[in-house]
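Single-structure report; data block below.
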Amino acid sequence: MKIIETISRLGSAIKGCVLTIGNFDGVHLGHREIIAATRRVAEEKGTELAAMTFEPHPVAVLYPERAPGVLTPLELKRHLLAKCGVDCLIVLPGEPELLNLSPEDFVKRFLIENIQPSVVVEGSDFNFGAARAGSVETLREFGGRNGFSVSVVEPKMIKLSTGQSVRVSSTMIRYMLESGHVADAAAGLGRPYRLAGRIIPGRGIGRKLGFPTLNMHKPEQVIPAEGVYAGFVRVGGCVEDVLGSDQTIPAAYSIGQARTYGDDFPLLIEAHLLDENVDAAPGKFMAMDFVQRIRSQHKFKTPEELSKQIAKDCRYAKKVLATDFTD
12 MKIIETISRL GSAIKGCVLT IGNFDGVHLG HREIIAATRR VAEEKGTELA
62 AMTFEPHPVA VLYPERAPGV LTPLELKRHL LAKCGVDCLI VLPGEPELLN
112 LSPEDFVKRF LIENIQPSVV VEGSDFNFGA ARAGSVETLR EFGGRNGFSV
162 SVVEPKMIKL STGQSVRVSS TMIRYMLESG HVADAAAGLG RPYRLAGRII
212 PGRGIGRKLG FPTLNMHKPE QVIPAEGVYA GFVRVGGCVE DVLGSDQTIP
262 AAYSIGQART YGDDFPLLIE AHLLDENVDA APGKFMAMDF VQRIRSQHKF
312 KTPEELSKQI AKDCRYAKKV LATDFTD
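Each residue of the sequence shown is one higher than the one before, counting from 12 in the numbering used here.
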């Protein structure tokens with residue numbers, strides 16, 4: 012997948028492409044349906060599929076106090092979009108000057124003067140330009156005057172564990188994660204939610220209890236609610252190694268503040284590997300894929316009580332992960 016990071020580099024390299032525009036945070040099932048539709052049109056026309064995004068998220072630039080949590084950092088987003096079949100990813104800086112363009116100036120600046128797509132494919136709720144004033148109807152109107160057509164993809168609906176049907180969105184997935192509903196988040200993503208970060212030294216509490224852990228430096232991503240989870244770990248020398256790894260090491264996770272040992276602990280993100288011994292010295296990277304929540308965090312009276320509960324958690328995690336999978 013080609014990466015283009017400045018408007019000046021666009022040139023005529025992707026002229027006539029089939030384009031989709033969005034933030035793609037999470038690269039969830041809704042995004043993937045749009046990309047799949049874009050792929051089909053690109054193949055019919057014998058041209059490239061280009062995806063255009065802004066980094067960081069436009070809301071984080073224009074309204075920092077309202078910035079949404081990040082589901083997929085840029086490295087992970089690139090990896091997932093490439094797997095979806097995107098030929099060219101255009102990553103433009105989230106600068107106020109660009110984000111405050113009117114819908115008409117947005118189309119002129121990016122689509123007419125630079126990218127020159129033959130077709131633009133978007134979800135029905137797509138908005139663009141200053142104050143999100145542009146819609147797919149606006150885009151279709153501009154396209155009719157400037158030589159590109161617009162194709163619209165309807166929202167992706169899923170059924171939650173409660174039986175409720177909801178539209179898949181990045182906002183919905185953030186809510187599910189922050190509520191601890193990682194299985195529902197995975198249903199919307201089409202895969203387990205992934206945290207990726209550097210392995211750091213821990214305080215050795217897990218080892219003393221008989222359950223040594225890998226500890227992750229808190230990443231700039233949405234962190235699932237405090238609790239104990241089952242999932243799969245991948246370990247590598249760098250972020251790219253982790254994202255491209257085929258490892259699926261079953262693990263039990265703890266996200267919490269070790270309240271059994273006091274109230275002065277920061278948030279700890281820990282993984283106890285259930286099956287394998289891996290070379291995972293501090294300084295290496297790991298990814299944590301969240302499959303299912305096991306329980307909430309509790310303050311135990313003694314370390315012995317905590318150790319017994321962790322043993323139960325690990326047995327339950329093994330059962331869950333023996334029948335589950337990750338991509």
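Note that beta-carbon positions come from the ideal geometry of N, C-alpha and C, so glycine has one too.
| Asked | Found |
| --- | --- |
| Three-state secondary structure (DSSP) of G319 | Note that residue 319 is Lys in the sequence shown here, rather than Gly. Looking at K319 - three-state DSSP - the assignment turns out to be helix. |
| Test item: CB-CB of L60 and T49 under 8 angstroms | yes |
| R205 in three-state terms, based on DSSP | strand |
| Three-state secondary structure (DSSP) of H228 | coil |
| Cβ-Cβ separation, T224 to H283 (assumed contact under 8 angstroms), whole Å | 5 angstroms |
| At least three beta-carbon pairs within less than 8 angstroms, the stretch 307-324 to the stretch 224-234 | no |
| Contact under 8 angstroms by Cβ, M168 with R178 | yes |
| Host alpha helix (DSSP H) of K219 (start-end) | I216 to L220 |
| Where L30 falls: helix, strand or coil (DSSP) | strand |
| Buried versus exposed call for P203 [16 or more other C-beta atoms within 10 Å across all chains shown] | buried |
| H42 (DSSP reduced to helix, strand or coil) | helix |
| K88, buried or exposed, once every other Cβ within 10 Å from all chains shown has been counted against 16 | buried |
| Between the CA atoms of A298 and V253 - distance to the nearest angstrom | 6 angstroms |
| Residues near S318 by beta carbon distance below 8 angstroms, same chain, minus five either side | L220, G221 and F222 |
| Where P261 falls, given that 16 or more other Cβ within 10 Å makes a residue buried | buried |
| P67 - containing alpha helix (DSSP H), residue span | P67 -> no alpha helix (DSSP H), and no H or E assigned at all. |
| Among A198, R156, S162 and N157, nearest to Q175 - alpha-carbon criterion | A198 |
| Beta-carbon contacts of E237 that lie in its chain and below 6 angstroms, excluding the five residues immediately before and after | I266, G267 and Q308 |
| Nearest to C99 (by Cα), restricted to the options E106, G105 and L91 | L91 |
| Per-residue burial, Y240 [other beta carbons within 10 Å of its own, 16 or more giving buried] | buried |
| Sub-8 angstroms separation of V131 and L150 beta-carbons | yes |
| DSSP beta-bridge partners of H309 | DSSP, once it has assigned bridges, lists no residue as partnering H309. |
| Per-residue burial, P128 [other beta carbons within 10 Å of its own, 16 or more giving buried] | buried |
| First through last residue of the alpha helix (DSSP H) which encompasses F153 | V147 to N157 |
| Close beta carbons around A196, own chain, < 6 angstroms, minus the five adjacent residues each side | I184, M187, L188 and Y204 |
| First through last residue of the beta strand (DSSP E) which encompasses R178 | S176 to R178 |
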